[in-house]
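Protein chains in written order, with this note's numbering: chain A, 29 to 369; chain B, 562 to 787.
Don't be surprised by glycine CBs; every beta carbon is placed ideally from N, CA and C.
Take a look at the structure below.
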Amino acid sequence: MIKLSNINKTYYRGKNVIKAVQNVNLEIREGEIFGVIGFSGAGKSTLVRCINLLERPDEGGSVIVDGVEITKLTSKQLREERKEISMIFQHFNLMPSRTVLENVLYPLAYRGIPKSEQIKKAMSLLKLVDLEDRIENYPRQLSGGQKQRVAIARALASDPKVLLCDEATSALDPTTTQEILALLKKLNEKLGITIVVITHEMDVVKELCHRVAVMENGKVVEYGDTFSIFANPSCEITKRFLRATSNLSKIDDIADKIDLNNGEVLVRFTYIGKGVSEPVLSSLTSQFSVIVNIIFADVTLIGGNPIGGTVAILSGDKSDIEKALNSLDSRNVKVEVIRRG
Amino acid sequence: MVDLLKGIIPNVVNKPDELLESINQTFYMLSVSGSIAFVLGLILGVVLIVTRPNGILENKFVFSMLSYTINTFRSIPFVILLAALIPFSRMIVGTAIGTTGAMVPLVVGTVPFFSRQIESALSSIDSGLVEAAQSMGSSPLGIIFRVYLKESIPHIVRVTQITAISLIGLTAMAGAIGGGGLGDFAIRYGHQRGQTDVTYVTVLVILCIVAFIQSFGNLIIKKSSH
Numbered sequence: 029m030i031k032l033s034n035i036n037k038t039y040y041r042g043k044n045v046i047k048a049v050q051n052v053n054l055e056i057r058e059g060e061i062f063g064v065i066g067f068s069g070a071g072k073s074t075l076v077r078c079i080n081l082l083e084r085p086d087e088g089g090s091v092i093v094d095g096v097e098i099t100k101l102t103s104k105q106l107r108e109e110r111k112e113i114s115m116i117f118q119h120f121n122l123m124p125s126r127t128v129l130e131n132v133l134y135p136l137a138y139r140g141i142p143k144s145e146q147i148k149k150a151m152s153l154l155k156l157v158d159l160e161d162r163i164e165n166y167p168r169q170l171s172g173g174q175k176q177r178v179a180i181a182r183a184l185a186s187d188p189k190v191l192l193c194d195e196a197t198s199a200l201d202p203t204t205t206q207e208i209l210a211l212l213k214k215l216n217e218k219l220g221i222t223i224v225v226i227t228h229e230m231d232v233v234k235e236l237c238h239r240v241a242v243m244e245n246g247k248v249v250e251y252g253d254t255f256s257i258f259a260n261p262s263c264e265i266t267k268r269f270l271r272a273t274s275n276l277s278k279i280d281d282i283a284d285k286i287d288l289n290n291g292e293v294l295v296r297f298t299y300i301g302k303g304v305s306e307p308v309l310s311s312l313t314s315q316f317s318v319i320v321n322i323i324f325a326d327v328t329l330i331g332g333n334p335i336g337g338t339v340a341i342l343s344g345d346k347s348d349i350e351k352a353l354n355s356l357d358s359r360n361v362k363v364e365v366i367r368r369g
Numbered sequence: 562m563v564d565l566l567k568g569i570i571p572n573v574v575n576k577p578d579e580l581l582e583s584i585n586q587t588f589y590m591l592s593v594s595g596s597i598a599f600v601l602g603l604i605l606g607v608v609l610i611v612t613r614p615n616g617i618l619e620n621k622f623v624f625s626m627l628s629y630t631i632n633t634f635r636s637i638p639f640v641i642l643l644a645a646l647i648p649f650s651r652m653i654v655g656t657a658i659g660t661t662g663a664m665v666p667l668v669v670g671t672v673p674f675f676s677r678q679i680e681s682a683l684s685s686i687d688s689g690l691v692e693a694a695q696s697m698g699s700s701p702l703g704i705i706f707r708v709y710l711k712e713s714i715p716h717i718v719r720v721t722q723i724t725a726i727s728l729i730g731l732t733a734m735a736g737a738i739g740g741g742g743l744g745d746f747a748i749r750y751g752h753q754r755g756q757t758d759v760t761y762v763t764v765l766v767i768l769c770i771v772a773f774i775q776s777f778g779n780l781i782i783k784k785s786s787h
């Protein structure tokens, strides 16, 4: 659906050369929700603006959306094409002097559509985002979540194939964030619209994205299926994001304070494959007569699959413990011995 | 009543026609030069906004040329402008004196100030709105009318009030080249012939005009702010 090849974006600020995006190649599939995650300044906002050419990539880069190489279009053709690629923003960017209805009518006006048709279309979209009773209100009178829903309705007015979300939930509280994520998910399933989500919030990726690209310093450092990326992160930056949602690494801070008896082992189990769940631990007891004392566990769902793990003290016969640990290696559970007593 | 007025403002009461005539001339100068200056200033202000660095039609040459020209004209005191523009006025409107002759310097004196005011009014528009409009496929002209101008109506009205009121001051000065109007009236009788009551009445009339501009503008601001 979207193919980015060789995307670079360089800014010249006097003598400073800022390479905001460097040599990015990505392919986003039709109908998927694709996440771009990174800390602020990683270049993700610039990258997403290269998709609708709000930022034009440096010479040599090409952007293909639904078979059209938009980097080669004239400005008039580009404006037509932009109606296929809608965008919502962190700060909503609604027109403050227009009512909710007028905001949704904005992209419909001056396109040769009869006024009654425009209103019918806008009303059906406002109904879709559950705001049909607020049409006469001005943006100032709405909450953040409502504003974003108006922005979504406005973005859908031109029947786009792609919806770009630039930190769309970053200005919202956690409950409202969930609400907007649920709405985006619904739109993706109901309308089949391809969604590109830019975010620094792990929760957003976790809830929403089928696939993800991790960005750092203008480069895509990891890219693929969301579960595989986070189940087995190879880059430090990805691990940092994972840590933001999982408490499992906190054991390192308290590991020294845990008293271990002779022969006991402090271990961290991390789930790295799909379909792993708690019974693996109880099998240690039943199969190898090893006693498992769980210190703490933290499991979070990514794309419906558990990711995370458990920190536990194993006690029992030394050879039994080794056998138990080896058995887990082959069951998509990563075993790390933190300390031996 | 008439006797009472005769007692307080004798020199005004004995020339009501001249007072009315000069009010008329002030309104004439204000409306004609004001309208022309409004349109020109609005256009130049928009040009400044769209051609500035990172503007939607960024053009370094046009922006800096216009910006320097505006600064140059803004730094010329109006009294000097009145004298300096005499040949230019003759070329444009055929005369350099009288109410019509005063039009040219009034417009030239107002436009640079007003276009800067418009520039500042339009620059208060959140760049996110412009970006949103671009992402929805709006053309530069569409963005100018549907975002910049439409979304800054209250600001535009506010700076128009300020400019209109300063224009009243300029029309009074234009009396110096025989432009007529309330300023001329006050100088001729109030100052040169020592008829102080004429000066006071003139001030009162101008105060009323200012109050009218203020309240009319405020009404539009109230209607257009949400």
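Go to residue i, then tell me how far its alpha helix (DSSP H) extends in each direction, as first and last residue.
{"i": "B:Thr587", "result": "577–612"}
{"i": "A:Val232", "result": "230–236"}
{"i": "A:Asn121", "result": "Where A:Asn121 is concerned, there is no enclosing alpha helix (DSSP H), given that its DSSP letter is neither H nor E."}
{"i": "B:Ile641", "result": "639–645"}
{"i": "A:Asn245", "result": "A:Asn245 -> no alpha helix (DSSP H), and no H or E assigned at all."}
{"i": "B:Val672", "result": "659–684"}
Locate the beta strand (DSSP E) running through residue i, then write down its first and last residues.
{"i": "A:Ile319", "result": "319–330"}
{"i": "A:Glu55", "result": "44–56"}
{"i": "A:Tyr40", "result": "30–41"}
{"i": "A:Leu191", "result": "190–194"}
{"i": "A:Ile65", "result": "61–65"}
{"i": "A:Ser186", "result": "Careful: A:Ser186 lies outside any beta strand (DSSP E) and carries neither H nor E."}
{"i": "A:Met115", "result": "113–116"}
{"i": "A:Val365", "result": "361–368"}
Can you list the residues of chain A that residue i reaches, using a CB-CB cut of under 8 Å?
{"i": "B:Ser676", "result": "Residues of chain A passing the Cβ test: none, with the nearest at roughly 22 Å."}
Residue i touches chain B at which residues, Cβ-Cβ below 9 Å?
{"i": "A:Pro142", "result": "Under the 9 Å cutoff, chain B gives no residues; its nearest Cβ is about 19 Å from A:Pro142."}
{"i": "A:Lys111", "result": "Met697, Gly698"}
{"i": "A:Ser125", "result": "Lys711, Glu712, Ser713, Ile714, Pro715, Ser785, Ser786, His787"}
Using a Cβ-Cβ cut-off of 6 Å (strictly less than) and excluding sequence neighbours within five positions of residue i, which residues of its own chain qualify?
{"i": "A:Phe316", "result": "Asp348, Lys351, Ala352"}
{"i": "B:Thr671", "result": "Ala598, Leu728"}
{"i": "A:Lys247", "result": "Gln50"}
{"i": "B:Pro715", "result": "Ile782, Ser785, Ser786"}
{"i": "B:Ile647", "result": "Ala657"}
Which chain B residues are close to residue i, counting only those with a beta carbon under 7 Å from its beta carbon?
{"i": "A:Met11", "result": "Absent from the model: residue 11 of chain A. The displayed extent of chain A is 29 to 369, so no value can be given."}
{"i": "A:Arg107", "result": "Gly698, Ser700"}
{"i": "A:Tyr134", "result": "Met697"}
How long is the line joining the alpha carbons of residue i and residue j, rounded to whole angstroms?
{"i": "A:Ile386", "j": "A:Glu250", "result": "Outside the modelled stretch of chain A, which goes from 29 to 369, sits residue 386 of chain A, for which no answer is possible."}
{"i": "A:Val76", "j": "A:Asp281", "result": "38 Å"}
{"i": "A:Ala325", "j": "A:Lys346", "result": "24 Å"}
{"i": "B:Ser699", "j": "A:Met123", "result": "14 Å"}
{"i": "B:Tyr750", "j": "B:Thr757", "result": "8 Å"}
{"i": "B:Phe777", "j": "B:Ile641", "result": "32 Å"}
{"i": "B:Ala725", "j": "A:Asn53", "result": "57 Å"}
{"i": "A:Asn13", "j": "A:Thr38", "result": "Outside the displayed range of chain A (29 to 369) lies residue 13 of chain A, so it cannot be described from this structure."}
{"i": "B:Ser681", "j": "B:Ser688", "result": "14 Å"}
{"i": "B:Phe634", "j": "B:Leu667", "result": "12 Å"}
{"i": "B:Ile584", "j": "B:Phe746", "result": "9 Å"}
{"i": "A:Asn260", "j": "A:Phe62", "result": "19 Å"}
{"i": "A:Arg296", "j": "A:Gly331", "result": "23 Å"}
{"i": "A:Glu207", "j": "A:Ser198", "result": "13 Å"}
{"i": "A:Tyr299", "j": "A:Thr227", "result": "25 Å"}
{"i": "B:Gly741", "j": "B:Lys567", "result": "25 Å"}
{"i": "B:Gly662", "j": "A:Tyr40", "result": "50 Å"}
{"i": "A:Val132", "j": "A:Val240", "result": "30 Å"}
{"i": "A:Leu209", "j": "A:Leu329", "result": "15 Å"}
At a CB-CB cut-off below 9 Å, which residues of chain A make contact with residue i?
{"i": "B:Lys783", "result": "Going along chain A, no residue has its Cβ under 9 Å from B:Lys783, so there is no contact; the nearest lies around 13 Å."}
{"i": "B:Gly689", "result": "Phe117, Gln118, His119, Phe120, Asn121"}
{"i": "B:Glu692", "result": "Arg77, Leu82, Met115, Phe117, Asn121"}
CB-CB under 8 Å to residue i, same chain, minus the five flanking residues each way: which ones, in chain order?
{"i": "A:Ile79", "result": "Ile30, Leu32, Val91, Val93, Ile113, Val190, Leu192, Val224"}
{"i": "A:Glu244", "result": "Gly66, Phe67, Ala70, Cys263, Ile265"}
{"i": "A:Glu97", "result": "Ser90, Val91"}
Mind pulling the chain A residues with CB within less than 7 Å of residue i?
{"i": "B:His752", "result": "Ordered by position in chain A, no residue passes the 7 Å Cβ test against B:His752, which lies about 47 Å from the chain."}
{"i": "B:Ala682", "result": "In chain order: nothing, as chain A lies at least about 13 Å away."}
Excluding the 5 residues flanking residue i on each side, which residues of the same chain have their C-beta closer than 7 Å to its C-beta?
{"i": "B:Ser676", "result": "Gly602, Leu605, Gly606, Leu609, Ile631"}
{"i": "B:Leu768", "result": "none"}
Which residues in chain B have a C-beta closer than 8 Å to the C-beta of residue i? List them in chain order.
{"i": "A:Ser186", "result": "Met697, Gly698"}
Any heavy atom of the ligand GTP closer than 7 Å to the Cβ of residue i?
{"i": "B:Thr587", "result": "What this structure holds is no ligand at all, so the ligand GTP is not there to describe."}
Listed from N- to C-terminal order along the chain, which residues in the stretch 161–178 of chain A have their beta-carbon within a distance smaller than 9 Å of any beta-carbon of chain B? For the stretch 161–178 of chain A, the set of residues with a beta-carbon nearer than 9 Å to any beta-carbon of chain B comprises Tyr166, Pro167, Arg168, Gln169, in chain order.
Chain-ordered residues of the stretch 707–726 of chain B with a beta carbon less than 9 Å from chain A: Flagged, chain order: Arg707, Val708, Lys711, Glu712, Ser713, Ile714, Pro715.
Output needed in chain order: residues of the stretch 309–322 of chain A with a Cβ under 9 Å from some Cβ in chain B. Here the close residues number zero.
Relative to chain B, which residues along the stretch 33–60 of chain A have a C-beta separation below 8 Å, given in chain order? For the stretch 33–60 of chain A, the beta-carbon criterion of a distance under 8 Å to any beta-carbon of chain B is satisfied by none of its residues.
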